[in-house]
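In the numbering used here, the protein residues as written are 13 to 236.
We put the CB at the ideal spot given by N, CA and C, even for glycine.
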Amino acid sequence: MDEPVLLREVEARFAVTAASTPGWASPHPEREPLEEEYSRVSDPARWRIEGARALAWTLALTGLGLASREEVGPSGVAASTRGAWRVVPRAAGALSVLVVGTRSDDGLLVDVELHAGEPPVVVLGLDCHCDACDSGSADVLETQDDAWLEVVSGALVHLEAPGRVLTTSRGGWSESWSPGAAGPERGASRLADHEDRDADLAAVRRGGAPDPRWRRVVHGAPWG
13 MDEPVLLREV EARFAVTAAS TPGWASPHPE REPLEEEYSR VSDPARWRIE GARALAWTLA
73 LTGLGLASRE EVGPSGVAAS TRGAWRVVPR AAGALSVLVV GTRSDDGLLV DVELHAGEPP
133 VVVLGLDCHC DACDSGSADV LETQDDAWLE VVSGALVHLE APGRVLTTSR GGWSESWSPG
193 AAGPERGASR LADHEDRDAD LAAVRRGGAP DPRWRRVVHG APWG
């Protein structure tokens with residue numbers, strides 16, 4: 013996959029999809045947020061830029077012949093106000109991306125989430141839109157771009173054991189586990205200290221198998 017070509021296509025599509033959603037600078041670049049900003053959303057409509065970016069990615073991937081788009085019906089999302097579609101890669105062994113968001117009046121989504129694989133793994137969760145957490149549209153776009161690239165590049169590795177989750181990306185890894193769990197989860201706690209974590213991840217990326225205590229492995233091939 014030629015990543016610069018893909019990103020240029022995303023930007024070209026975004027120039028169209030974001031025509032009604034201009035970007036904005038951080039509202040507090042040189043100070044700490046004020047207490048009242050944590051309970052205030054000054055301009056809810058501006059967050060449609062999330063949906064404009066998700067649509068631009070979808071159009072770029074389908075336009076370059078790397079994927080197709082499938083609509084997801086109401087039964088496939090949590091609430092009637094939520095809309096969704098699935099971006100399905102053409103490359104064998106690659107993970108699809110489920111785009112979910114709340115529909116706005118003009119059809120763009122807000123509160124965008126991205127999920128990969130089946131059952132889905134969250135690669136981009138809900139963002140807080142309060143004024144205090146707002147750091148400007150550039151950060152919003154970069155965060156979503158990174159999530160798409162994790163899946164499209166084949167970098168995402170998600171491992172699960174009882175009481176234990178390890179997720180890696182192009183920029184590092186994150187983990188959560190339950191050290192006080194009983195029964196089978198005790199093995200997961202020991203796994204959290206497993207010195208061969210990097211070997212497990214490398215094995216998955218090579219198409220092999222990690223430590224058998226990992227009960228679920230989510231990883232896909234690059235999209236192109």
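Exercise. Please specify which runs of the alpha helix (DSSP H), each continuous and at least 4 residues long, are wholly inside the stretch 116 to 188, giving them in chain order.
Key: Along the length of the stretch 116 to 188, whole alpha helix (DSSP H) runs at least 4 residues long occupy 149 to 164, reported in chain order.
Self-check item: Bridge-paired residues (DSSP) for Ser80
Solution: Residue numbering aside, residue 80 sits at position 68 when the sequence shown is read from its first letter. When DSSP reads this structure, Ser80 sits in a beta bridge with Val100.
Quiz prompt | Cα-Cα separation between Val17 and Glu48, rounded to whole angstroms | solution = As a working note, residue 17 is residue 5 in the sequence shown. As a working note, residue 48 is residue 36 in the sequence shown. Spanning the alpha carbons of Val17 and Glu48 requires a straight line of approximately 43 Å.
Quiz item: Does the stretch 216 to 223 come close enough to the stretch 158 to 165 that 3 or more CB-CB pairs lie under 8 Å?
Solution: When Cβ pairs closer than 8 Å are counted between the two stretches, the stretch 158 to 165 is seen not to touch the stretch 216 to 223, the count staying below three.
Quiz item: Can you tell me whether Ala200 is buried or exposed, with buried defined as 16 or more other CB within 10 angstroms of its CB?
Solution: Taking the first residue of the sequence shown as 1, we reach residue 200 at position 188. Here Ala200 scores only 49 on pLDDT, less than 50, and its place in the model is too uncertain to base an answer on.
Quiz prompt | Limits of the beta strand (DSSP E) - the one that Val229 falls within | solution = Position 217 of the sequence shown, counting from 1, holds the residue named residue 229. From DSSP, the beta strand (DSSP E) with Val229 extends over Arg228 to His231.
Practice problem: Could you tell me the boundaries of the alpha helix (DSSP H) in which Pro16 lies? | Solution: The residue labelled residue 16 in the question sits at position 4 within the sequence shown. Counting along the chain, the unbroken alpha helix (DSSP H) around Pro16 starts and ends at Glu15 to Thr29.
Practice problem: Please go through the same chain and pick out, in chain order, the residues whose beta-carbon is closer than 6 Å to the beta-carbon of His170, but skip the five residues on each side of it. | Solution: Position 158 of the sequence shown, counting from 1, holds the residue named residue 170. Same-chain partners within the cutoff: Val133, Thr179 and Val230.
Practice problem: Please name the residue, chosen from Val216, Val112, His141 and Glu23, that lies closest to Glu172 on a Cα-to-Cα basis. | Solution: To locate residue 172, count along the sequence shown from 1; it is residue 160. When each option's Cα is compared against that of Glu172, the closest is Val216.
Quiz item: Per DSSP, Gly73 forms a beta bridge with which residues?
Solution: Here residue 73 refers to the residue found at position 61 when the sequence shown is read from its first residue. Position check: residue 73 holds Leu in this sequence, whereas Gly was assumed. Beta-bridge partners assigned by DSSP to Leu73: none are found.
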